[in-house]
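Enquirer: Throughout, my numbering is defined as the position within the sequence shown, counted from one, plus 570.
Glycine included, each C-beta is placed from N, C-alpha and C at the ideal position.
Below: one structure in structure tokens.
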Amino acid sequence: MKRPEKCRRVAAFTLIELLVVITIIAILAALLLPVLGKAKDRANQTYCMNNCRQIGTATMIYVQDYREDFPFGNRVYGGGTGDGSVVDPSGWPMLILYYMGQQNTNGQPKVYLCPKEKEIAANWVFQLHFQANRH
């Protein structure tokens, strides 16, 4: 009579080994998430700083073109609070768009928006997160 051959065991992960690997991956992901969040915040800061630089540069070019006069301030529609949120399209934000190469924006110029702010009211001419100093 023939002897049965020994069953060869196929190499595979056990359930415990699989759970250990998943746990290690979860711990590494938990360590990396704050780092990625900080990197995103740093990118947003750089984006805002670049927007402010563009606004400042465009304003200074405007000043040089118009006899050292700064663009005039905003005229707020409908008795607003004067915070620069809802502005007359002929105010300073629109005057300097030409100097930033954004005169044909067909809506909200992105240079005036902070990337962290997500709300934009649909009925406004456009919204400003950056504005001229009121003083």
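1) Once you ignore the five residues that flank residue 669 on each side, which residues in its own chain have a CB closer than 6 Å to its CB?
2) Indicate the three-state DSSP secondary structure (helix, strand or coil) for residue 654 in the structure shown.
3) Determine whether the beta carbon atoms of residue 620 and residue 683 lie at a separation below 9 Å.
4) Apart from the five residues just before and just after residue 681, which ones in its own chain have a Cβ nearer than 7 Å to its Cβ?
5) In this structure, how does DSSP classify residue 618 when only helix, strand and coil are distinguished?
6) One question on the structure: do residue 617 and residue 685 come within less than 9 Å of each other, judged by their Cβ atoms?
Expert: Reading it off the structure:
1) Closer than 6 Å at Cβ, skipping near neighbours: 628, 631 and 632.
2) Reliability of the predicted coordinates at residue 654 is poor, the pLDDT of 47 falling under 50, and no value is obtained from them.
3) Contact: no.
4) 621, 624, 625, 670 and 672
5) helix
6) Between residue 617 and residue 685, the C-beta gap is smaller than 9 Å, which places the two residues in contact.
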